[in-house]
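K.L.:
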Amino acid sequence: MSEARNTLRFIDGEVSRELSGFDPTLTILDWLRLGERRMGTKEGCAEGDCGACTVVVGRLVGRRVEYRAINACIAPLASLDGRRLITVEHVKAGGNLHPVQQAMVERHGSQCGFCTPGIVMSLFALWLNESEANEERIEDALAGNLCRCTGYVPIIAAAREMFERGRAAKEAWTARSTDIAERLALLQDERRLEIVKGSRRFVAPASLDDFAKFYARHPDATILAGATDVGLWITKEMRLLDTVLHPGRITALEAVVEEEHAFVFGAMTSLADAAKPLGHMHPHLAELFRRFGGEQIRNAGTLGGNVANGSPIGDLPPALIALGATVTLRREDRRRELPLEKFFIAYRRQDRHPGEFVESVRVPKLGATSLFHASKVSKRFDEDISAVCAAFRLTLDANGHVAEARLTYGGMAATPKRAPIAEGSLVGKAWNELSAEEAALALERDFEPIDDWRASARYRMRCAQNLLQRFAVESCEAETQTRVAGPLARHHVRSAGAEASFSGGL
Amino acid sequence: MVDRSSLDERAAPEPGGRRAAKSAPSREPTDRLVNSRMHLAMPHDSAHKHVTGEALYIDDLPEPAGTAHLYLGLSERAHAKITAIHLDEVRAFPGVLAVLTAADIPGVNDISSTGRHDEVLLASELISYHRQPIFAVVAETRDAARRACRTAKVTYEDLPPVVTVEEARRAGSEFVTPPLKLERGDIAAALRQSPHRLTGSMRLGGQEHFYLEGQVALAVPGEDDDVTVHSSTQHPSEVQHMVSHVLGIPSHAVTVEVRRMGGAFGGKETQGNLFACLAALAAKKLNRAVKCRPDRDDDMTITGKRHDFLIDYEVGFDDQGVIQASDLVYAARCGFSADLSGPVTDRALFHADNCYFYPSVRARSEPFRTNTCSNTAFRGFGGPQGMVGAERLIEEIAFATRLDPLDVRKRNFYGRGERDITPYHQRVEDNIIGEIVETLEKTSRYRERREALRAANAKSRIVKHGLALTPVKFGISFTATWFNQAGALVHVYKDGSVHLNHGGTEMGQGLYMKVAQVVADEFQLGLDRVKITATTTGKVPNTSATAASSGSDLNGMAAQAAARMIKERLIGFLAEEWSVPGEEILFEAGLVRARNRSMTFEELVHAAYMARIQLSAAGFYKTPKIHWDRKTGRGHPFYYFAYGAAVSEVAIDTLTGEYRVERVDILHDCGNSLNPAIDRGQIEGGFVQGMGWLTTEELWFDKEGRLRTHAPSTYKIPVASDRPRVFNVEFFDGGGNREPTVGRSKAVGEPPLMLAISVLHALSDAVASIADHRFCPRLDAPATPEGVLFAVEEMKARSATLCREAVR
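Top line first, the protein sequences correspond to chains F and Z.
If you count the first sequence from 1, position 377 lands on 396 in the numbering used here, and the numbers rise without skipping.
If you count the second sequence from 1, position 691 lands on 1086 in the numbering used here, and the numbers rise without skipping.
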């Protein structure tokens, strides 16, 4: 092992930067605003929920640079190592507004203007990555950006126009990107990054083995993956973390391997990347991922982080448990694999030994004899944390009866949890609304739901029960509309015919 | 040839004025006129700076060398006596420069905006709400100040907190301000004589402003007593006044400045005082610039919100659904102090009629003191809550009579020349709600869609559709009559460039742009010649809050008056120079001309300067016609009314209570819009904000009085995908404001928010479909998915009971 590197290296717009000796958990936003006095990027909430601080980060994937919008308010500056940062100040080129900016001006997309730089950056990322986008895609790209003034109408209009206007500008950006890719390649090295200030440090190993070794030796270190939760410990709880261990430079941890009967995700697979194979497997999974936070959160947050965090209201664990996922835990060179449902022991407590970390998650594919369903219910449809999140997998026997039932819920207990009594009531029965109703009654013996500001215990229980009915109706009566929002609902509206809604016709 | 029509119109607006642009297309400038006129759809003046991040908000301003940072130490109880405050550890914390408590206040420890002396800046003995400020820490960095705050040890003797309106009523809590009663006719007799009567009540939640830019102030000390405060405030004059009181110095020593706010919505009408006063106090104490910017969670727990209400009603009506009498009680959670609760609860009563004539009426307010943050102004200022009550009455009557709610609405609209007296005895003189609703009913195809949706509901087991049309009539003017005044300052420099300043503040609503358009139009100059400058108490004194939708009405007129003064002086000068009658001198497209002669505006200005003509003027405006006597509940508090109507269509999921707003059609009256692009933005944005209030935005206080939804992770304002799937916005072509407002325009800041009441009623319509529209769902707000699901279940249960009874 060569010596550690104490200097953070990244490209800021076009400029190579080398920084050291800064606060190890300094956020990108605080560095920009307090350090650089670059005031275009705004702080709205400091918790990754409003998007006013949105910046775009480019990283090398193979030989090209992949650009993604993230929340600068909760992302540590040190996580930029070997990457490129693009802020709103970089977008205007040669004194000319970028097509995104021009469209926002002309369509009256700003009023108070405070959310605007963040919205420009989210749209800029969309513009850079895609050659066109329909309204739904634009809404997804903006789900992590709150605007309190406009009602979003002119912003969506601007987004629709930016592609048309931006052809020449896009060529210029793409051309520069090749050069940037070469420069980023030079920044990748095998040395461990250690940003040290006083007794506190940010450690980012370059290899998985080094990471495992370091964590085994320093089991008290805080693993910071996408920082979508740990970031709030820093900005909201003001915790002074002694050693932050960041696996963001280890490409091996981002590998997605497709086996015959399963996908194996490296723990650092971003939610955005995990969404592709899993969403392809079932449309409900695609929708679950689409509604996971905002795009900035999906870009930063990781599959492993969502699992290891152990929140009772995490969006993925119910689906992963229903699918029969397993986690591989590793300590130095020793690995053990256990079913995900066994991993969660109690509220925010997991079966993870000191020095042990989640290395990968294996998600079995859905078999031909399986029925699957996932639903999330939240106060606001997009970019909200679930009141109840449900995922069901039924395996049917040759007679069409339930051979195995996996009914999993989030928001119903201190951990994401299966419903054994309800599951038992289904086995051996035909799957229909009647058996769903019996299972729904059994849920009252399976769970004592959380009661809080997101939802009352009574509402959670009733939703948990009704989602079984939704599943049964969707399984048995394909023509019945069961949802009102999101792409799944739109599908149903179309199949239900024009008279059911006038929303189709402008 | 000179286009006289446009000039004549500016000189003396014709009654009725010019026709407003229907559906607000951008009005292309003609060759003849420069691109500066009123009524054009110009982009926001700062749009370029917004999109590039170059627009400076207060936290973005360059900090003077040595700027220190202030953070607040907050109470951990909602109601308690403070037994001890231990701050030694705080003082010893690295980087701390000073710790301030109530004892450090040289002037008055009070920031009550209505002079009731019930709002301490820093609590020293009694804690009145959870997260009330107790002390302030000033440190080298914000981070150090914030961390130091957490080392304080405060001990308390707990007192029982009063959190909700119901608790306040049960406990016999006092009122924060004298209640108001509006009364006309003999209510008891009228109710007795009504063919039908019904009673009910409704819970209506509050709303967090969620301005994207949080509260912030930067105070810079000067010599003597002087201090300049950059404050994110809608009311610089009040901040000035508060700072002077807290510091015990004259107002002339305090200058308050604000170029722009990153949103305000009423949340910065009084709520900025706290942060500005503390920053100023610390700045003078330390003789260093001091900035104060609370974290979002602290901002949301410290500052007041829209008032939540409990509305009790009794209404008498006939078989046709015509109201005979309304008896209404609006009880509000005002929080620990009065703040603006008096005028807010008054305005709720002023809108308890919405568009409807009550032959006999009694409306009473109950502004309860509670141990919660002090509720304050929020877009609509009680008006929305008043209107929601009126619309509930209509809905109840519709279900009781089994009439279409729209028919009940129309039968109860104010008349013209009859049935036109409001509960506060003002005659409704400019009523156009009938035409607006007739038009919208047709363009939205209300009747056909209602039929079709009901047919669709019959075939749809799980998803149910709902449709509703609700109207808006909103009174324009501050009900505190003296606030209806404004000043402006216009300088013309020797090079012909114009400096514009007025008392209004810019919070995103486009006020600066509209007023600049008025001034550019007056001089017939391009907008690039008019410099919009930051609002400051040093240029225009004794200003009113930019609130009550009055910004452009008041400041537009004041600025126009100032510009006209200068213009008249220039005309007088030129008339003499050219020996032509002044009436023949015309300003047009950067030129000044008469007969065969012309010169550029710059040439004229330069010549006038050389002839020692004053090129600066202070304009002033006060709203005519208005008066109000609160004691008798009579008067003419509103100069005019703004009208509009909306049809909303929703779909609900009866298994989860989730819903979607499928389509909205709006027809709104902006008079002759000063800027159709900006006004359209106000309508769309106001609607979506109102929709949030009535649907997903839930303020959840626990039993101990702690607000638990204090960040965007838990408090859910609408996102892009929540906006109506189809959103048609049209401007009503009503021939302009009947009153001679600036350009015959109408105020537009608040009224559109109330168009969203149609969403609540569409949800209710969808819920009611479960029981074949036999029962009024009495849907409370916010109608969260949880609220909708439980209303659905209640409908199912009542329907089942009815079936069982039928079988028996």
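Just so it is clear, CB atoms sit at the ideal spot from N, CA and C, and this is done for glycine as well.
Hey, would you say residue 778(Z) sits closer than 8 Å to residue 1149(Z), going by beta carbons?
P.N.:
For the purposes of this step, residue 778(Z) is taken as residue 383 along the second sequence, with counting starting at 1. For the purposes of this step, residue 1149(Z) is taken as residue 754 along the second sequence, with counting starting at 1. Going by C-beta atoms, residue 778(Z) is nearer than 8 Å to residue 1149(Z).
K.L.:
Report the three-state DSSP secondary structure of residue 1006(Z) (helix, strand or coil).
P.N.:
Position 611 of the second sequence, counted from the start, is the residue given in the question as residue 1006(Z). If DSSP states are grouped into helix, strand and coil, residue 1006(Z) belongs with coil.
K.L.:
Rounded to whole angstroms, what's the CA-CA distance from residue 287(F) to residue 418(F)? Just pull it up for me.
P.N.:
Sequence index remark: in the first sequence, residue 287(F) carries index 268 (1-based). Sequence index remark: in the first sequence, residue 418(F) carries index 399 (1-based). Residue 287(F) and residue 418(F): Cα-Cα distance of roughly 41 Å.
K.L.:
Taking C-beta pairs closer than 9 Å, name the residues in chain Z that residue 401(F) reaches, listed in chain order.
P.N.:
Against the first sequence, residue 401(F) aligns to sequence position 382. Residues of chain Z passing the Cβ test: 1114, 1115, 1116 and 1117.
K.L.:
Hey, is residue 207(F)'s beta-carbon within less than 8 Å of any beta-carbon in chain Z?
P.N.:
As a first step, residue 207(F) is located in the first sequence; it is residue number 188 there, counting from the start. With 8 Å as the cut-off, residue 207(F) does not count as an interface residue toward chain Z.
K.L.:
Checking the sheet assignment: what are the DSSP bridge partners for residue 326(F)?
P.N.:
Looking up residue 326(F) in the first sequence gives position 307. Its beta-bridge partners do not exist; DSSP assigns none.
K.L.:
Could you name the residues of the segment 1099 to 1111 of chain Z whose beta carbon sits closer than 7 Å to any beta carbon of chain F, in the order they occur along the chain?
P.N.:
Flagged, chain order: 1103, 1104, 1106, 1107, 1108, 1109 and 1111.
K.L.:
Could you work out which residues of chain F lie near residue 542(Z), taking near to mean beta carbons separated by less than 8 Å?
P.N.:
Looking up residue 542(Z) in the second sequence gives position 147. The contacting residues are 257.
K.L.:
DSSP beta-bridge partners for residue 1023(Z)?
P.N.:
Position 628 of the second sequence, counting from 1, holds the residue named residue 1023(Z). Its beta-bridge partners are 1030(Z).
K.L.:
Helix, strand or coil: how does DSSP classify residue 1205(Z) here?
P.N.:
Lying outside 396 to 1203, the shown extent of chain Z, residue 1205(Z) is not represented and no answer is given.
K.L.:
Candidates 178(F), 97(F) and 80(F): which alpha carbon is nearest residue 197(F)'s?
P.N.:
Residue numbering aside, residue 197(F) sits at position 178 when the first sequence is read from its first letter. Ranking 178(F), 97(F) and 80(F) by Cα distance to residue 197(F) puts 80(F) first.
K.L.:
For a test of the three-state rule: what should DSSP assign to residue 660(Z), helix, strand or coil?
P.N.:
The residue given as residue 660(Z) occupies position 265 in the second sequence. Of the three classes helix, strand and coil, the one that applies to residue 660(Z) here is coil, per DSSP.
K.L.:
Check the C-beta distance from residue 931(Z) over to residue 651(Z) and give it rounded, since I have them as a contact under 8 Å.
P.N.:
Translated into the one-based positions of the second sequence, residue 931(Z) becomes position 536. Translated into the one-based positions of the second sequence, residue 651(Z) becomes position 256. So it is a contact: roughly 7 Å between Cβ atoms.
K.L.:
Measure the C-alpha to C-alpha separation of residue 905(Z) and residue 630(Z) and round it to an integer number of angstroms.
P.N.:
The residue given as residue 905(Z) occupies position 510 in the second sequence. The residue given as residue 630(Z) occupies position 235 in the second sequence. Cα to Cα, the separation comes out at about 16 Å.
K.L.:
Ignore the nearest five residues each way along the sequence and tell me which others in residue 207(F)'s own chain have a CB closer than 7 Å to its CB.
P.N.:
Position 188 of the first sequence, counting from 1, holds the residue named residue 207(F). Hits under 7 Å: 79 and 101.
K.L.:
Look at the alpha carbon of residue 77(F) and the alpha carbon of residue 106(F), and state the distance between them as a whole number of angstroms.
P.N.:
Counting from one through the first sequence, the residue named residue 77(F) turns up at place 58. Counting from one through the first sequence, the residue named residue 106(F) turns up at place 87. Cα to Cα, residue 77(F) sits roughly 11 Å from residue 106(F).
K.L.:
Using a beta-carbon distance cut-off of less than 8 Å, what residues from the segment 689 to 704 of chain Z approach chain A?
P.N.:
As a matter of chain content, chain A is missing from the structure shown, whose protein chains are F and Z.
K.L.:
Residue 173(F): which of 1077(Z), 815(Z), 805(Z) and 951(Z) sits nearest, CA to CA?
P.N.:
The count along the first sequence starts at 1 and reaches residue 173(F) at position 154. Minimum Cα distance to residue 173(F) is reached at 1077(Z).
K.L.:
Less than 8 Å between CB atoms is the rule here; does residue 1184(Z) satisfy it with respect to chain F?
P.N.:
Stepping through the second sequence from its first residue, residue 1184(Z) is reached at position 789. Yes, its Cβ sits closer than 8 Å to a Cβ of chain F.
K.L.:
Does the Cβ-Cβ distance between residue 267(F) and residue 332(F) come in under 8 Å?
P.N.:
Working through the first sequence from its first residue, we reach residue 267(F) at position 248. Working through the first sequence from its first residue, we reach residue 332(F) at position 313. No, the Cβ-Cβ distance between residue 267(F) and residue 332(F) is not below 8 Å.
K.L.:
For residue 722(Z), which three-state DSSP category applies?
P.N.:
Residue 722(Z) sits at position 327 when you count from the first residue of the second sequence. In this structure, residue 722(Z) counts as strand in the three-state DSSP scheme.
K.L.:
According to a CB-to-CB cut-off of less than 7 Å, which residues of the segment 1046 to 1076 of chain Z neighbour chain F?
P.N.:
Listed in sequence order: 1046, 1047, 1048, 1050, 1051, 1053, 1054, 1055, 1057, 1058, 1072 and 1076.
K.L.:
Going by beta carbon distance, what residues of the same chain come within less than 7 Å of residue 889(Z), once the five residues before and after it are set aside?
P.N.:
For the purposes of this step, residue 889(Z) is identified with residue 494 of the second sequence, where counting begins at 1. Cβ neighbours of residue 889(Z) beyond the five flanking positions: 1000, 1001 and 1004.
K.L.:
Please name the residue, chosen from 438(F), 27(F), 334(F) and 385(F), that lies closest to residue 282(F) on a Cα-to-Cα basis.
P.N.:
Within the first sequence, residue 282(F) is the residue found at index 263, counting from 1. If we check each option's Cα against that of residue 282(F), 385(F) comes out closest.
K.L.:
Buried or exposed: where does residue 688(Z) fall if 16 or more other Cβ atoms within 10 Å of its Cβ makes it buried?
P.N.:
Position 293 of the second sequence, counted from the start, is the residue given in the question as residue 688(Z). So residue 688(Z) ends up on the buried side.
K.L.:
Roughly how many whole angstroms lie between the Cα atoms of residue 981(Z) and residue 961(Z)?
P.N.:
The residue labelled residue 981(Z) in the question sits at position 586 within the second sequence. The residue labelled residue 961(Z) in the question sits at position 566 within the second sequence. Taking the straight line joining both Cα atoms gives about 14 Å.
K.L.:
Bridge partners of residue 907(Z), per DSSP?
P.N.:
Position 512 of the second sequence holds residue 907(Z). Paired residues: none, contrary to the question.
K.L.:
How would you call residue 484(F), buried or exposed, if buried means at least 16 neighbouring beta carbons within 10 angstroms?
P.N.:
Residue mapping note: residue 484(F) aligns to position 465 of the first sequence, counting from 1. So residue 484(F) ends up on the buried side.
K.L.:
Note down, in chain order, all residues in the segment 449 to 479 of chain Z with a beta-carbon under 8 Å from any beta-carbon belonging to chain F.
P.N.:
Residues 449, 450, 451, 452, 454, 455 and 457.
K.L.:
Between residue 978(Z) and the rest of its own chain, which residues show a CB-CB distance below 6 Å, the 5 nearest in sequence each way excluded?
P.N.:
Sequence index remark: in the second sequence, residue 978(Z) carries index 583 (1-based). Hits under 6 Å: none found.
K.L.:
What residues in its chain sit with their C-beta under 8 Å from that of residue 52(F), if we drop five residues either side in the sequence?
P.N.:
Reading the first sequence from its first residue, position 33 is the one you call residue 52(F). Contacts found: 58, 60 and 62.
K.L.:
Just grab the DSSP bridge partners of residue 379(F) for me.
P.N.:
On the first sequence, residue 379(F) is found 360 positions in, with the first residue counted as 1. 285(F) and 347(F), per the DSSP bridge assignment.
K.L.:
Going by the DSSP bridge assignment, what does residue 988(Z) pair with across the sheet?
P.N.:
Reading the second sequence from its first residue, position 593 is the one you call residue 988(Z). 981(Z) and 993(Z).
K.L.:
Would you mind sorting residue 485(Z) into buried or exposed? The rule is 16 or more other CB atoms within 10 Å of its CB.
P.N.:
On the second sequence, residue 485(Z) is found 90 positions in, with the first residue counted as 1. Flag for residue 485(Z) reads buried.
K.L.:
Could you run through the segment 604 to 615 of chain Z and flag, in chain order, every residue whose CB is less than 9 Å away from some CB of chain F?
P.N.:
Result list: 604, 605, 606, 607, 608 and 609.
K.L.:
For residue 165(F), go through chain Z and note every residue whose CB falls closer than 8 Å to its CB, in chain order.
P.N.:
Position 146 of the first sequence, counted from the start, is the residue given in the question as residue 165(F). Chain Z residues near residue 165(F): 605, 607, 1107, 1112 and 1114.
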